[in-house]
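In the working numbering, the protein residues as written are 4 to 133.
Just so it is clear, CB atoms sit at the ideal spot from N, CA and C, and this is done for glycine as well.
Here is the structure we will look at, set down as structure tokens.
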């Protein structure tokens, strides 16, 4: 799975690339939680469920906030520098969000640099709660 990522997309929660490019972190919102309004709504529902846990009969260990985003991490591995995207089959951020539940490690992220070249990262996923 190769994702072409626009780092300025509203679907990108945050990203951090270390100066030596040996490590990086990309966090991408799950589609239904891109808006703050939807995240706040989920938090409100969660807090209401917690408040009523004694009377609802819910198992407290099963009660948790939904994952708002997915984290993609690179540890101690430099990215590959690409001159172009010719011959690379990639997906858009929207296609990735639609397939998050089916994503398997590794996921490759490609993003464009100011000089017109690209960096290709081999990442591993970690769920993040916002």
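Among the options, which residue has its Cα nearest to the Cα of residue i?
i, options, result
"residue 100", "11, 45, 114, 37", "37"
"residue 46", "85, 70, 28, 91", "70"
"residue 84", "64, 111, 107, 106", "111"
"residue 78", "63, 128, 42", "128"
From the DSSP output, read off the bridge partner residues of residue i.
i, result
"residue 94", "6"
"residue 126", "110"
"residue 20", "27"
"residue 74", "30, 129"
"residue 121", "85, 115"
Ignore the nearest five residues each way along the sequence and tell me which others in residue i's own chain have a CB closer than 6 Å to its CB.
i, result
"residue 49", "68"
"residue 19", "28"
"residue 94", "6"
Helix, strand or coil: how does DSSP classify residue i here?
i, result
"residue 14", "coil"
"residue 30", "strand"
"residue 115", "strand"
"residue 3", "Limits of the chain in this structure are 4 at one end and 133 at the other, which puts residue 3 out of reach."
"residue 102", "coil"
"residue 89", "coil"
"residue 81", "coil"
"residue 50", "helix"
Measure the alpha-carbon distance for residue i versus residue j and round it to whole angstroms.
i, j, result
"residue 98", "residue 75", "16 Å"
"residue 13", "residue 40", "14 Å"
"residue 103", "residue 10", "18 Å"
"residue 4", "residue 52", "37 Å"
"residue 108", "residue 61", "33 Å"
"residue 119", "residue 86", "8 Å"
"residue 26", "residue 126", "10 Å"
"residue 23", "residue 88", "24 Å"
Can you name, in chain order, every residue of its own chain whose Cβ lies under 8 Å from the Cβ of residue i, other than the five neighbours on each side?
i, result
"residue 116", "122"
Once the 5 residues before and after residue i are set aside, which same chain residues still bring their CB inside 7 Å of it?
i, result
"residue 132", "At residue 132, the pLDDT of 45 sits below 50, so the modelled position is not reliable; the number obtained from the coordinates is stated separately. Excluding residues within five positions, the ones whose Cβ falls inside 7 Å are 68, 70, 71."
"residue 56", "63, 66"
"residue 106", "4, 128"
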